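**Student:** Quick one: structure below, then a few questions.
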Amino acid sequence: MHALVHAADIQDCDGGVMVMAKLFGLDPFLFKLYAGGGHSRGRSSKRG
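If you count the sequence shown from 1, you need to add 1 to reach my numbering.
Here you go:
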C-alpha cells in the first residue's frame, strides 16, 4: 500500500498517476495495476 499527500487542488486522476509511477518504480515485478474508472475525466456513459 502506498499513500501520497498532495495539494487539495490536484484531481484524483492526476494524483493517481503520481502514486502509480511510484509503485511501478518500487516493485520490479509489478506488471499490471487495476484501478476503478468511476472518475474518468471527459467520459460519460449513457444508460437506457
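Backbone N, C-alpha and C fix where the C-beta goes; we use that ideal spot for every residue, glycine too. Values in this document were obtained by computation on a predicted structure and should not be read as measured data.
Look at the Cβ atom of His7, then the Cβ atom of Gly16, and state whether they are nearer than 7 angstroms.
**Tutor:** yes
**Student:** Are Leu5 and Met19 touching if we call contact CB-CB under 7 angstroms?
**Tutor:** Yes; because the gap between Cβ atoms is below 7 angstroms, this pair is in contact.
**Student:** My output table needs one value for His7: the three-state DSSP class, helix, strand or coil.
**Tutor:** Looking at His7 - three-state DSSP - the assignment turns out to be coil, as it is neither helix nor strand.
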